[in-house]
Ligand code: SF4
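Numbering (this note's numbering), first residue to last: 519 to 586.
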């Protein structure tokens with residue numbers, strides 16, 4: 519269930535399908551998507567009306583295996 523501090527993109531953000539491990543995914547979710555989403559690079563793209571690449575992580579790093 520979505521609560522007040524969740525990122526507004528949390529339902530449809532495609533990054534969730536790209537992680538190889540639940541552990542890594544959950545680290546990002548707890549640090550960004552359910553807490554400090556305004557500092558997420560993906561969120562900032564959306565604020566500017568741009569679609570971020572699917573392989574771009576909230577901290578600006580990339581998921582190399584998701585680039586192809
Ligand atoms: S990755 Fe960023 S844009 Fe996507 S749901 Fe999490 S905080 Fe929002």
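Yeah, the Cβ is synthetic: ideal placement off N, Cα and C, and Gly gets one too.
Residue 574, DSSP secondary structure in three states: strand
Assigned exposure category for residue 533 - 16 Cβ within 10 Å defines buried: buried
Residue 560 burial status per 10 Å Cβ neighbour count (16 or more: buried): buried
Buried versus exposed call for residue 574 [16 or more other C-beta atoms within 10 Å across all chains shown]: buried
Neighbour-count burial assignment, residue 545, 16 or more Cβ in a 10 Å radius: exposed
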